[in-house]
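All remarks here apply to the structure that follows.
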Amino acid sequence: MPFVVAAVALLGALCMVNLLLTFGVLRRLREQTAALTRLSGALPPVMPAPEELVGTPVPAFAATAVDGTPVTRDSLVGRPRLVGFFSAGCAPCHEQAPLFAKWLAEQGGDASTAVAVITDSGPEAVELATSLTDTATVVVEPDAFSVSQAFGVRGFPTFLRVDADGVIAAADATVRGVVGHVAATS
Numbered sequence: 280m281p282f283v284v285a286a287v288a289l290l291g292a293l294c295m296v297n298l299l300l301t302f303g304v305l306r307r308l309r310e311q312t313a314a315l316t317r318l319s320g321a322l323p324p325v326m327p328a329p330e331e332l333v334g335t336p337v338p339a340f341a342a343t344a345v346d347g348t349p350v351t352r353d354s355l356v357g358r359p360r361l362v363g364f365f366s367a368g369c370a371p372c373h374e375q376a377p378l379f380a381k382w383l384a385e386q387g388g389d390a391s392t393a394v395a396v397i398t399d400s401g402p403e404a405v406e407l408a409t410s411l412t413d414t415a416t417v418v419v420e421p422d423a424f425s426v427s428q429a430f431g432v433r434g435f436p437t438f439l440r441v442d443a444d445g446v447i448a449a450a451d452a453t454v455r456g457v458v459g460h461v462a463a464t465s
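Take this note's numbering: the final residue in the sequence shown is number 465, and no numbers are missing along the way.
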């Protein structure tokens, strides 16, 4: 009988220790959740919401296309243009690039009606640039990211429709999103 009493007392003590540890873990989880909630409000969004970009003028920038053509803010003014931002290591960018090229080819315009900005270097960037050179003016930014930074692009892919006055008329993460805006406003 004394062994049973000792075993029950030991089991009760172990259960109390387990209960205290469980309460400690729960308290720590609540603290971490509160800290993450505070931090998540302080982080900038990955990409500005399209409504934040729409209606803003194209910022000043200067870049050189792969064919040597200078690309600046002034080169986007005068007629509507489509600007696509791609990253070579981005799977959605590789999915959207053929749609971008196809839509541009269907519009019947020349390569000057669109600008494709690729923010990486290497074989994947070369492949992406090659697939877009027939339908768009291609800018490859291996280091500086000057065009992407000027536009405030932080997520890839990003597509912008610029009107003839140099104002962003539509913005989306898909070609269809921008083309839909074009169809609705044309």
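The beta-carbon is built from N, C-alpha and C at its ideal position, and this holds for glycine as well.
Predicted model only: the values in this text are computed from it and were never measured.
For this session: Give the straight-line distance between the Cα atoms of V481 and A408, rounded to the nearest whole angstrom.
Result: With the chain represented from 280 up to 465, any question about residue 481 goes unanswered, as that position is not in the structure.
Problem set entry | Nearest-angstrom Cα separation, counted from L361 out to A423 | Summary for A423: the model assigns pLDDT 49, below 50, so the residue's position carries little reliability; its value from the coordinates is reported in the next sentence. Answer to the nearest angstrom: the Cα atoms are 22 Å apart.
Exercise. Taking one C-beta from the segment 292-299 and one from the segment 399-419 each time, how about it: are there three or more such pairs within less than 8 Å?
Worked result: No contact exists between the segment 292-299 and the segment 399-419.
For this session: Say whether chain C places a C-beta atom closer than 8 Å to the C-beta of P349.
Result: Given the protein chain composition of this structure (a single chain), no chain C is represented.
Problem set entry | Residue range of the unbroken alpha helix (DSSP H) whose run includes T409 | Start and end: P402 to L411.
Exercise. When burial is assigned at 16 or more other CB atoms within 10 Å of the CB, is Q311 buried or exposed?
Worked result: Of the other Cβ atoms in all chains shown, fewer than 16 fall within 10 Å of the Cβ of Q311; this residue is therefore exposed.
Exercise. I think F364 touches T316, with their Cβ atoms under 8 Å apart; what is that distance to the nearest whole Å?
Worked result: F364 to T316, Cβ: 31 Å. No contact.
For this session: Confirm, please, whether the CB-CB distance from V426 to V417 is below 8 Å.
Result: Taking 8 Å as the Cβ cut-off, V417 and V426 do not qualify as a contacting pair.
Exercise. What is the rounded straight-line gap between the Cα of V350 and the Cα of R309?
Worked result: In a straight line, the C-alpha of V350 is about 52 Å away from that of R309.
Problem set entry | At least three beta-carbon pairs within less than 8 Å, the segment 366-380 to the segment 335-353 | The segment 366-380 vs the segment 335-353: no contact.
Problem set entry | Per-residue DSSP class, three states only, for R317 | Helix, per DSSP.
Problem set entry | Short Cβ contact (8 Å threshold) for A448 with V458 | The answer is no: Cβ separation not under 8 Å.
Exercise. Quick one: what's L439 bridged to in DSSP?
Worked result: Assignment of beta-bridge partners to L439 by DSSP yields V362 and A450.
Problem set entry | V418: first and last residue of the uninterrupted beta strand (DSSP E) it sits in | From DSSP, the beta strand (DSSP E) with V418 extends over T416 to V419.
For this session: Please state if the CB of V396 and the CB of E420 are separated by a distance shorter than 8 Å.
Result: A contact, by the Cβ cut-off of 8 Å.
Problem set entry | Residue burial classification, D255 (beta-carbon count within 10 angstroms, cutoff 16) | Outside the shown range of the chain (280 to 465) lies residue 255, about which nothing can therefore be said.
Exercise. Given A443, which residues of its chain have a CB within under 8 Å of its CB, disregarding the five upstream and five downstream residues?
Worked result: Around A443: V356, G357, R358 and P359.
Problem set entry | Spatial distance of A404 from G303 (CA atoms) | Going by the C-alpha atoms only, they are around 51 Å apart.
For this session: Take A429 and list the residues in its own chain whose beta-carbon comes closer than 8 Å to its own, dropping the five residues that flank it on each side.
Result: The residues are P338, A339 and F340.
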